[in-house]
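In this note's numbering, the protein residues as written are 1 to 659. Heads up, the beta-carbon is just placed ideally off N, CA and C, and yes, glycines get one too. Since the structure comes first, as structure tokens, the remarks are kept for the end.
Right, dumping it as structure tokens:
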């Protein structure tokens, strides 16, 4: 709890700090005695005003009967009287008899004046802004700071006269004239606009950042329109400062450019919101854009203050349409959009009051408050930048994840190609060896061949796994068939994925197909197991089914059972029909699979038993083909397994009746 004593101390401290500032800016009436120019002198009251024009009113002495006393600023106080044309202001001040010439130059600041002015000191023209003849040139945005020649200042009475020409009914002095050191006045004018200048450059650089980002990322959507909006906002802000004189030689063209930039801003922002929220453009937006386009073209040919006021009025009259479109975009999808654009909503909440202030000041209804205006713009654009930056970061993270997945996929595909090549190489070597055996034995007699075959059969009985004693012709045929299976199954998988495969149904014996499949696998792997059991219920069950697809399912399941188990491991194959479904069960008592392997084993190019998969031949598409084939036939595939407990694959496919 802060004590009262502490509060009094704080109030006294603030008063002590602010008192010199307030006293230095204290207003003085015309006719005051100026003893020193060390502090600014603000002349606020007892100004003489008169409508009309007479160059004699610049002289040191005039008849003051028809002059009216006014306090300034008096901008826009006459709401009904037509003051278009010339009007004059006069003010006097005194210098002491011992007046000495100031060391630093002295100047007077008149602020911004509508539209043309001339400043006289003791009857002499000091400076002016704009011309009426031979062609009207106006500048109502320039801050008038006119030097006071020291040789014209004199002890005693000094008279200042301001001749003003108003091209519209908007007239008067916007601020009380201030006499001070010229350096201080110019520094003060610059400091008042410094924040606006900084904001302008920040807006432009912010827009360039998002523009480059949209180009680099190949996206011309929300980032592109926001970049244009930010850049144009920065240009608009800079034009309204002293950069106007740097960027343009003529005020007329600078103001036309300012209006053109202003007209573009709502279009850029609304299109940004459409792109960001992924909402289609509607007829109201199209009509609004056409209207602003017509206004844009017309503005190119407007050169007078009256036409400029008309442009601003038309722009402000349809500005609620833009606000309504923005509100509609937020409300259309309700809470979904609000959650997505929370930072943009904060920015808009800060921007709306500044838009109102800027519009009213542009219509000369209120005096402009640039600090508030630019602060609102800054908060608004920063909030949108935060929102877009979050999206960019999320997009970049997703891109990195996708790149990782692509890299992993490329590695898997490379492994697939290597495995496939290895299989073909191994097959070709075995075929070559078989051909060599055939060539070697071709010169022997039939008796010798018969004796060799008999011996081979005897040896096969004692050692069935000896690959040296296999029939070379049969061996070559098996390897050729196996390589053919690999190519055909790869093509089959692609057709199933592309949904271009057309099945051919036929009647055949399941038991015979299973025995043929087991024999093919055993010949290829050179494993002849006595512990492989085949059970087909109802004898040699004959079914009406795509033989090619069932053989593909069988071959991959049986081959996996042989490859990933020890030769002494029991393997069982069971086929039966129940409740209108064909069911195939392939079960082994091998090493089994972990939970992680079971979750990914049906994915393309994924192979189980990570520690041994490089030693076991295969392409990594077998189980993928099993699942794809089963789903194509309207069936299901299930796997039950655990590490060290073997694996059980169950295929369940609906029976199709014969036609």
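- In terms of Cα proximity to residue 70, the closest of 115, 63, 50 and 522 is 50.
- When the alpha-carbon of residue 61 is set against those of 45, 121, 99 and 77, the nearest one is in 121.
- With a cut-off of 8 Å on Cβ pairs, the stretch 190–210 is not in contact with the stretch 161–174, counting fewer than three such pairs.
- In this structure, residue 58 sits away from residue 148, with a CB-CB distance that is not shorter than 9 Å.
- Per DSSP, the continuous beta strand (DSSP E) segment holding residue 654 begins and ends at 647–654.
- When 575, 639, 573 and 171 are compared, the shortest CA-CA separation from residue 595 is found for 639.
- Here the stretch 228–235 does not lie against the stretch 172–182, with fewer than 3 beta-carbon pairs under 8 Å apart.
- As a beta-bridge residue in DSSP terms, residue 87 pairs with 51 and 164.
- Assigned with DSSP and collapsed to three states, residue 490 falls in helix.
- With 16 or more other Cβ atoms inside 10 Å of its own Cβ, residue 524 counts as buried.
- Its Cα nearest to that of residue 99, the residue 34 stands out among 118, 34, 511 and 631.
- Taking all protein chains shown into account, residue 44 has 16 or more neighbouring C-beta atoms within 10 Å of its C-beta and is therefore buried.
- Between the C-alpha atoms of residue 385 and residue 85 there is a straight-line separation of about 47 Å.
- A distance below 7 Å between beta-carbons, with the five flanking residues on each side excluded, links residue 216 to no residue of its chain.
- Where residue 316 is concerned, the enclosing alpha helix (DSSP H) starts and stops at 305–332.
- Using a 10 angstroms sphere on the CB of residue 311, the tally of other CB atoms reaches 16 or more, which defines it as buried.
- In this structure, the beta-carbon distance from residue 254 to residue 387 does not fall below 9 Å.
- Straight across, the Cα-Cα distance linking residue 32 with residue 92 is about 8 Å.
- Beta-bridge pairing by DSSP links residue 243 to no other residue.
- In this structure, residue 228 sits away from residue 239, with a CB-CB distance that is not shorter than 9 Å.
- Beta-bridge pairing by DSSP links residue 582 to 577 and 653.
- Comparing alpha-carbon positions, the option among 598, 117 and 521 lying closest to residue 109 turns out to be 117.
- 277 is the residue among 551, 277 and 308 whose C-alpha sits nearest the C-alpha of residue 221.
- With distances taken between CA atoms, residue 39 lies nearest to 104 out of 77, 104, 55 and 30.
- Bridge pairing for residue 70: 47 [DSSP].
- For residue 180, the uninterrupted beta strand (DSSP E) segment begins and ends at 178–181.
- Nearest in C-alpha terms to residue 549, of all of 494, 626 and 583, is 626.
- For residue 29, the CB contacts under 6 Å within the same chain, skipping 5 residues up- and downstream, are 45 and 46 in chain order.
- Judged by DSSP secondary structure, residue 547 falls outside any beta strand (DSSP E) and instead within the alpha helix (DSSP H) spanning 547–563.
- The C-beta distance from residue 533 to residue 572 rounds to 5 Å, short enough to meet the 8 Å contact threshold.
- With contacts defined by Cβ atoms closer than 9 Å, residue 535 and residue 581 do not form a contacting pair.
- The criterion of a C-beta distance shorter than 9 Å is satisfied by residue 593 and residue 643.
- For residue 111, no alpha helix (DSSP H) segment is defined; the enclosing uninterrupted segment is the beta strand (DSSP E) at 106–111.
- In the DSSP assignment, the residues bridged to residue 572 are 533 and 587.
- Beta-bridge partners of residue 94 (DSSP): 33 and 157.
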